[in-house]
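S.K.: Mind having a look at this structure? Questions to follow.
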Amino acid sequence: MIDFDFNTFIKTLETGLRDFNSGLWNPLVWGIAIVIAFLIIYIIRGFGKTGHKEQTEQTKVFLSGNPELEKEKMHVGGSNVYWGFLDSFKWLYKVLDKMHTGNVSDYILWFVVIMGILFIVMGVL
Amino acid sequence: MNEILDGLLTHSPALIVAIPLLGAFLTPLISRVNDKLRNIFVIFIVALTGFFVFLLANDIFSNGSIHTYVFGGGSPLTDGGFAIRILFEVDGMNAFMAIIASILAFVGVIYSWSFMKEHTGQDKYYTLILLMIAGMFGMILTGDMFNFFVFLEITSISSCALIAFYTNKGKAVDAGFKYIVISAIGALFVLFAIGILYSQYNALNMAVLANNITYGFLDKIALVLLIAGLAMKAGIVPMHMWLPDAYGRAPSSVTLILVGATQASLYGIFRMVFSVYGKTIGNINASAVDTIMNVNSIGWILILLAVLTMLIGVLMALKQYDLKRLIAFAALAEIGYMLLGLGVRLASKFSGEFEVTGAGSTTTMTQVQFQGFSSAALTGSVFHIMNDALDIGLLFLVAGAIYLATKETNLNKLGGLARNMKYTTVFFLIGLLAVSGMPPMNGFASKLIIYESAYQINPIVGIIAIVCSILLLAVFVKVFHSVFLGPKIPRLKDVKEVPKSMLIAMGIIALIIILIGLFPNFVIENIVQPATDAIVNYSSYIGGVIP
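Protein chains in written order, with my numbering: chain A, 536 to 660; chain B, 36 to 582.
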């Protein structure tokens with residue numbers, strides 16, 4: 536059987552292992568810290584006011600003065616998330632889209648290209 | 036009792052492949068009796084295989100031994116010293132990969148019970164699943180080059196049929212076709228390399244080849260063919276384009292096992308580089324400085340490919356709106372991390388003037404050494420193989436659950452599912468955090484090691500790796516928001532949580548993810564480090580066959 540040593544089990548992961556110890560990572564400490572953080576959030580939340588008046592401005596959604604749509608239509612779909620990022624990197628995506636032709640002959644072409652590069656690097660060609 | 040266990044242990048390398056292989060051929064027969072009985076039979080077969088994997092792995096990890104199983108018995112070498120017998124040689128790395136494969140296979144068949152319930156042709160489905168599992172284990176355990184090729188083909192053919200399982204959908208058939216073309220060409224070049232090595236050394240046994248290899252002109256050609264062929268099967272950029280098609284179109288339970296099959300090809304690269312070419316890769320003799328620099332340059336090419344794999348994977352994932360295709364591109368990025376660790380290890384040799392003390396005097400000599408971080412890079416890479424399989428596997432299972440519940444994978448048409456699918460939401464959240472390398476999940480532990488070692492070889496490489504993880508988080512936050520958050524979509528108001536067998540399958544993987552995340556050190560010391568030590572120790576691998 537694999538020797539079960541409790542100290543090994545809970546020991547901190549020393550990144551770099553045998554050769555260098557430049558980092559420290561203890562998931563248990565992190566886990567406890569996260570639980571404490573959630574507890575503090577929960578306590579702070581408890582200080583909030585619970586009472587509000589129904590059917591008044593207090594319960595209305597404020598959308599910078601725009602009218603509120605039906606709830607079903609308010610959901611932001613997957614294609615709309617990060618549109619700014621995708622728009623600013625349009626040039627890059629053009630290249631990537633051009634690369635992904637969906638044509639299996641092109642897939643093989645890339646394979647040949649990589650093989651050629653490896654041959655050159657290794658001094659075969 | 037102990038005698039029986041010892042007997043089983045001795046034959047376990049063969050049984051691990053034989054049981055699913057025989058099970059595959061029995062499945063159509065049992066399927067004629069009863070569907071439920073067939074499902075139970077398949078789960079039993081995979082569980083039994085898993086039992087032998089753990090029995091073997093336990094022995095290897097606790098004793099640090101290598102199991103050499105010669106088919107037909109006797110010595111691996113004949114009286115004349117020829118290694119003509121087919122054999123399986125199982126060291127720490129093989130055992131490590133087999134553990135991953137058995138977890139994926141077991142979870143995959145449990146998940147299939149409900150996931151494939153409504154489909155016809157389940158007898159064929161389960162037969163192919165078991166064939167694929169047998170092929171995968173064969174690739175992992177074999178110590179023979181030609182045998183490796185045969186199992187590679189078995190895995191490829193069964194995978195192809197499973198990818199195209201939804202024959203009523205044109206895109207699935209298209210993905211299956213692309214996969215078989217890619218696999219056949221990749222495997223053909225692997226076979227070509229094997230032919231070259233056989234013609235040179237008159238042997239197909241990996242250990243014998245490792246012992247004889249000289250790194251001459253033909254050996255270099257064979258190495259390129261092996262790396263390129265297996266890299267295409269492993270889905271490394273820019274030979275990755277089949278991967279989103281295949282992962283995206285296959286049933287989710289198949290994709291989970293397909294992740295294991297892809298990793299078996301990656302394992303092939305590890306085995307060829309570190310064992311078959313181990314003498315060259317591990318060479319630190321200053322007189323062979325040209326060869327060493329040559330190996331370093333392969334390392335740098337792999338680092339470059341790894342960076343491209345990570346970047347293209349996350350960037351393409353960011354723009355996808357089909358859930359499974361998106362996860363497939365994320366899986367691609369994850370492969371980049373594993374390759375990065377491998378590349379860093381290969382590129383980390385350096386030559387310099389070192390002071391050598393001997394016989395009372397100190398002289399300065401030119402020596403070649405590995406950088407201190409090189410073994411950590413390899414450990415991170417090997418550890419990430421396990422973490423990636425679990426994290427990406429879980430996400431694919433969640434995607435399958437969403438598809439089963441809603442018949443939809445388009446992110447624009449999904450939303451508010453957290454209200455009806457609470458458990459699936461939690462599982463997705465666990466997968467999301469793990470795959471993005473967020474503490475305290477398992478992905479963080481392995482990625483941290485890879486970041487650090489990559490940073491040591493070149494800070495820019497380390498930074499790109501971290502940025503890609505952040506982008507991965509962004510990708511999956513988008514999915515979480517689009518699919519699970521927001522108001523209920525009218526069309527999806529009556530969606531129900533998926534059946535229990537699927538929840539159990541996802542739960543098993545989620546539990547393993549959390550446990551590895553909380554106790555990474557335990558996993559590293561007992562499984563990952565022995566596997567890494569085994570893969571770099573080529574002389575022990577040779578010693579398993581040649582006394």
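Virtual Cβ for every residue (Gly too), placed ideally from N, Cα, C.
#1: For Lys255 of chain B, which residues in chain E fall below 9 Å Cβ to Cβ?
#2: Which bits of chain A does Phe431 of chain B rub up against, with CB to CB less than 8 Å?
#3: Under the three-state reduction of DSSP, which class applies to Asp426 of chain B: helix, strand or coil?
#4: Taking Thr356 of chain B as the query, report the chain A residues whose CB atoms sit under 9 Å from its CB, ordered along the chain.
#5: At a Cβ threshold of 9 Å, is Ile571 of chain A touching chain B?
#6: For my contact list, Ser288 of chain B and Val533 of chain B are in at a C-beta cut-off of 8 Å; report their separation, rounded to the angstrom.
#7: Just to confirm my understanding: we take Ser218 of chain B, look at its own chain, exclude 5 residues before and 5 after, and list those with CB closer than 6 Å. What are they?
#8: Taking the alpha carbon of Ala299 of chain B as the reference point, which residue from B:Asn98, B:Ala130, B:Val77, B:Lys535 has its own alpha carbon closest?
#9: Could you list which residues in chain B have their beta carbon closer than 7 Å to that of Glu607 of chain A, in chain order?
#10: Is the separation between the beta-carbon of Met241 of chain B and that of Met174 of chain B shorter than 9 Å?
#11: Comparing the C-beta of Leu563 of chain A with each C-beta of chain B, is any distance below 9 Å?
#12: Find the nearest neighbour of Gly107 of chain B within the set B:Leu122, B:Gly115, B:Asp114, judged by alpha-carbon distance.
#13: Assign Glu369 of chain B to buried or exposed, taking buried as 16 or more other Cβ atoms, counted over all protein chains shown, within 10 Å of its Cβ.
#14: Under the assumption that Val514 of chain B contacts Leu446 of chain B (Cβ atoms under 8 Å), give the Cβ distance between them as a whole number of angstroms.
#15: My guess is that Val144 of chain B and Val77 of chain B are in contact by the Cβ rule of under 8 Å, so how many angstroms apart are they, rounded?
#16: Interface residues of chain A around Lys513 of chain B at Cβ under 7 Å?
#17: Alpha carbon to alpha carbon, how far is Thr444 of chain B from Val52 of chain B? Give it in angstroms, no decimals.
#18: Measure from the C-beta of Ile649 of chain A to each C-beta in chain B and report whether the shortest distance is under 9 Å.
#19: For Tyr573 of chain B, which option in B:Leu50, B:Asp126, B:Gly115, B:Asn69 has the closest C-alpha, if you only look at C-alpha atoms?
#20: Can a CB atom of chain B be found closer than 9 Å to the CB of Leu574 of chain A?
#21: Is it true that the region 237-255 of chain B meets the region 107-118 of chain B, where meeting means three or more beta-carbon pairs spaced less than 8 Å apart?
#22: With 9 Å as the threshold, decide whether the Cβ of Asp554 of chain A is near any Cβ in chain B.
#23: Just to confirm my understanding: we take Met351 of chain B, look at its own chain, exclude 5 residues before and 5 after, and list those with CB closer than 7 Å. What are they?
#24: If you drop the 5 nearest sequence neighbours on each side, which residues of the same chain put their C-beta closer than 6 Å to that of Ala480 of chain B?
#25: Counting only C-beta atoms, is Phe597 of chain A closer than 9 Å to chain B at any point?
#26: With three or more C-beta pairs closer than 8 Å as the rule, is the region 334-352 of chain B touching the region 415-435 of chain B?
#27: Is the beta carbon of Ile341 of chain B less than 9 Å from the beta carbon of Gly303 of chain B?
#28: Can you confirm whether Trp645 of chain A, when its beta carbon is compared against all beta carbons of chain B, has any partner nearer than 9 Å?
#29: What are the residues that DSSP puts in a beta bridge with Gly387 of chain B?
#30: Kindly indicate the opening and closing residues of the beta strand (DSSP E) around Phe123 of chain B.
#31: Going by Cα to Cα distance, which pick from B:Gly251, B:Met537, B:Met267 is closest to Leu187 of chain B?
#32: Under 9 Å between C-beta atoms, does Phe582 of chain A make it to chain B?
#33: Whole alpha helix (DSSP H) runs in the region 155-242 of chain B with 4 or more residues, listed along the chain?
#34: Identify whether Tyr312 of chain B lies in helix, strand or coil by the three-state DSSP scheme.
#35: Once DSSP output is grouped into helix, strand and coil, what is the label at Asp357 of chain B?
#36: Please list, in chain order, all residues of the same chain as Lys204 of chain B whose beta carbon is under 8 Å from its beta carbon, the five residues on each side excluded.
M.R.: According to the structure data:
#1: No chain E appears in this structure, whose protein chains are A and B.
#2: Here the premise fails: no neighbours, minimum Cβ distance about 17 Å.
#3: DSSP places Asp426 of chain B in the helix class (H, G or I) of the three-state scheme.
#4: According to the sequence as given, residue 356 of chain B is Tyr; it is not Thr. Within chain A, the residues near Tyr356 of chain B are Gly612, Gly613, Ser614.
#5: Not closer than 9 Å to any Cβ of chain B, the Cβ of Ile571 of chain A fails to qualify, so no.
#6: With a beta-carbon spacing of about 12 Å, Ser288 of chain B and Val533 of chain B fall beyond the 8 Å limit used to define contacts.
#7: In chain order, Ser191 place their CB closer than 6 Å to the CB of Ser218 of chain B, counting only its own chain and leaving out the 5 sequence neighbours on each side.
#8: Closest by alpha carbon: B:Ala130.
#9: Chain B residues near Glu607 of chain A: Pro522, Ile524, Pro525.
#10: Met174 of chain B sits away from Met241 of chain B, with the two beta carbons spaced by 9 Å or more.
#11: Closer than 9 Å: yes.
#12: The shortest Cα separation from Gly107 of chain B among B:Leu122, B:Gly115, B:Asp114 belongs to B:Leu122.
#13: Taking all protein chains in view, the Cβ of Glu369 of chain B is crowded by 16 or more other Cβ atoms within 10 Å, so the residue is classified as buried.
#14: Yes, Val514 of chain B and Leu446 of chain B are in contact; Cβ-Cβ is about 7 Å, under 8 Å.
#15: About 5 Å separates the two Cβ atoms, so the contact holds.
#16: What Lys513 of chain B touches in chain A: Gly613, Val616, Tyr617.
#17: Val52 of chain B and Thr444 of chain B have their alpha carbons spaced roughly 35 Å apart.
#18: True, the Cβ-Cβ gap to chain B drops below 9 Å.
#19: Closest option to Tyr573 of chain B, Cα to Cα, is B:Asp126.
#20: So, not an interface residue.
#21: Contact between the region 237-255 of chain B and the region 107-118 of chain B is present: 3 or more CB-CB pairs across the two stretches fall below 8 Å.
#22: Because Asp554 of chain A carries a pLDDT of 49, less than 50, the predicted location of this residue cannot be relied on, and the following value inherits that uncertainty. Yes - at least one Cβ of chain B is within 9 Å of the one on Asp554 of chain A.
#23: Counting only Cβ-Cβ distances below 7 Å, and skipping sequence neighbours, we find Phe364.
#24: Taken in chain order, the residues that qualify are Pro555.
#25: For Phe597 of chain A, no CB of chain B lies under 9 Å from its own CB, so it is not counted at the interface with that chain.
#26: Not touching, per the Cβ criterion.
#27: Ile is not the amino acid found at residue 341 of chain B; the sequence shown has Ala there. Contact flag unset, no.
#28: Closer than 9 Å: yes.
#29: BP columns for Gly387 of chain B point to B:Gln402.
#30: Counting along the chain, the beta strand (DSSP E) containing Phe123 of chain B begins and ends at 122-125.
#31: Residue B:Met267 is the option with its Cα nearest to Leu187 of chain B.
#32: Interface annotation, Phe582 of chain A: not in contact with chain B, CB-CB separation never under 9 Å.
#33: If one requires a minimum length of 4 residues, the alpha helix (DSSP H) runs lying completely within the region 155-242 of chain B are 157-176, 180-198, 205-236, in chain order.
#34: Tyr312 of chain B: coil per DSSP, three-state reduction.
#35: Shown here, Asp357 of chain B sits in a strand according to DSSP, grouped into three states.
#36: Correct list, in chain order: Arg284.
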